[in-house]
Structure formats: structure tokens, C-alpha cells
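What follows is one structure encoded as C-alpha cells, with my remarks underneath.
Residue numbers (this note's numbering): 17 to 258.
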């Protein structure tokens, strides 16, 4: 067995079953991709891995019903990374469905990235690109997803506003002090309505001091018509949210 073959097999052993991966998840130099392709082809013939699409593979998970194929998130995972670094994340209706904000399931998934436009058309999986407001990393993509939900709150299909505010507020409550500081910083890159809604939620949580910079970034004469009153969010009036 060659060194490259042994290296690839050891790395694949460490990948959990039912998990997709691409060349970027294998720590091999690009100049060896052609040789690596032959190794991966042999592993496919042995049934150790399966091919999802060009350059994308997975380790099959055995069940009593046969082999289980990875779900959408696992299939998309290799597209969200470059050189093992996260550069994109799933957003839009698919994310909001996962958050419990809507029952809608999109036919086309949205993938947000700062510097890369990602389009996918692989069988039943279709994805289109949207622009991220900031650079994406493993540490911040969940925070950006929360901000996206605030940004789209008014336009999410099949949305119960009261339940949505409770869901997002509960997720923000779970953030650490450092993460709260980070999400406020990222919010400054988002549209004013996002800053206002995040500020109102933080105020309800007793985090007015952290929200102060958001208040200072807003035009005091701007009114945000989001269909949210003080019954849904007690601090809405002080943030000019209606």
C-alpha cells in the first residue's frame, strides 16, 4: 500500500458514517488529487465509500433496512468549506424550517458566502447563492443564521410572529457574553431593521448596555413596520418597531 493510499484510508476511518466529504476534507496537496482519485475509486469498489457526485463521497451507514444515504445538510457540507475552513452556511427557508420558524420546505436551498457564489444542481439537491454580510467562519455562522432570521422575519412564509420571537429570543439567551458581543458587532453590518429587532430583544433580556451601540447606529426618526407590537415584544416601542 502506498503512503498516499494509507493516508487517505486512515483519514476516512476517522470520518463518521453517514458523513459526506470531498478532497478538501482530506489533508492531501492538490497536486496529488489525480492519484487520490484512483485510491478513492478502489475504495468505492470495495464498498467502503460511496460517490454522491463529482468529487463528493460518503461513508455508508448500515441499517436493518440497508445503506442509509446522507441527508441534505451532509450532501451540502463539502460545498461549505474550502481547505477545511468554513466559508459558507445554509440560510433562508431551509434554515428557518430547522429553527422551527416555518413548516415550509424549500425546493431550492440558499447558501450564503462572503466571497464565493455557490450553485448546486445534484439530482434532488438544488442550491443557489446569496451574499453573506460578513466573512463566514465556523465560529460565527450560527450567529449569522440568527441575524438572517431577524432580517427575514417579516417575509418568512407560514410564520407565527409570537412563536418566532420566542424561539429566536430563547436562542439568543443561550449565547455566551462573548457571543452576545459578537452578534451585536455583526448586526452593525446588517440592515437597520435587524439592529432594531436585535436591540429590542436584548432589552427584554436585560442586556440594554450591550444593545446601546445598536441604538446609537439607528436614525431616531426611522420607524420599522414589522407587525410587532408591545404585546409581542414589550420593548418594541422604544426601538420604533410597529
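Using N, Cα and C, we set each Cβ at its ideal position, and we do this for glycine too.
Considering just the uninterrupted stretch of the beta strand (DSSP E) at residue 104, what are its terminal residues?
104 to 107
Just mark residue 188 as buried or exposed, buried being the case when its beta carbon has 16 or more other beta carbons within 10 Å.
buried
Assuming residue 172 and residue 143 are in contact, meaning their beta carbons sit under 8 Å apart, how far apart are those beta carbons, in whole angstroms?
The pair is not a contact, with the Cβ atoms about 19 Å apart (cut-off 8 Å).
Local conformation of residue 97 per DSSP, three classes:
The three-state secondary structure of residue 97, taken from DSSP, is strand.
Should the segment 64 to 72 be regarded as contacting the segment 98 to 115, the criterion being three or more beta carbon pairs within less than 8 Å?
Output reads no: the segment 98 to 115 does not touch the segment 64 to 72.
Mind checking which residues open and close the beta strand (DSSP E) that includes residue 138?
136 to 138
Per DSSP, residue 60 forms a beta bridge with which residues?
DSSP output for residue 60 lists no bridge partner at all.
Can you give the Cα-Cα distance for residue 190 and residue 20, rounded to whole angstroms?
44 Å
Look at residue 151 and residue 130 and say whether their C-beta atoms are less than 7 Å apart.
Inclusion of residue 151 and residue 130 in the CB contact set at 7 Å is warranted, their separation being smaller than that value.
DSSP three-state assignment for residue 89, whether helix, strand or coil:
helix
Along the chain, where does the beta strand (DSSP E) that runs through residue 128 open and close?
125 to 129
Which residue comes first and which comes last in the beta strand (DSSP E) that contains residue 83?
Here the beta strand (DSSP E) through residue 83 covers 82 to 84.
From the DSSP output, read off the bridge partner residues of residue 257.
240
Neighbourhood of residue 239 by C-beta, 7 Å cutoff - its chain only, sequence neighbours within 5 removed:
256 and 258
Roughly how far, in whole angstroms, is the beta-carbon of residue 110 from the beta-carbon of residue 122, given that I think they are within contact range, below 8 Å?
5 Å
Under a Cβ-count criterion, where at least 16 other Cβ atoms within 10 Å of its own Cβ denotes burial, should residue 93 be classed as buried or exposed?
Counting C-beta atoms within 10 angstroms of its own C-beta, residue 93 has 16 or more neighbours from the protein chains shown and is therefore classed as buried.
Taking only the alpha-carbon atoms, compute the straight-line gap between residue 250 and residue 44 and give it to the nearest angstrom.
Distance from the CA atom of residue 250 to the CA atom of residue 44, rounded to whole angstroms, is 54 Å.
Counting C-beta neighbours from all protein chains within 10 Å, is the total for residue 214 16 or more, i.e. buried, or is it exposed?
Buried, since its Cβ has 16 or more Cβ neighbours within 10 Å.
Alpha-carbon to alpha-carbon, residue 252 and residue 225:
In this structure, the CA atom of residue 225 is about 17 Å from the CA atom of residue 252.
Going along the chain, which residues of its own chain have a beta-carbon closer than 6 Å to the beta-carbon of residue 209, five neighbours each way excluded?
Excluding sequence neighbours, residue 209 sits near 240.
How should residue 186 be labelled, buried or exposed, when 16 other C-beta atoms within 10 angstroms of its C-beta is the threshold for buried?
exposed
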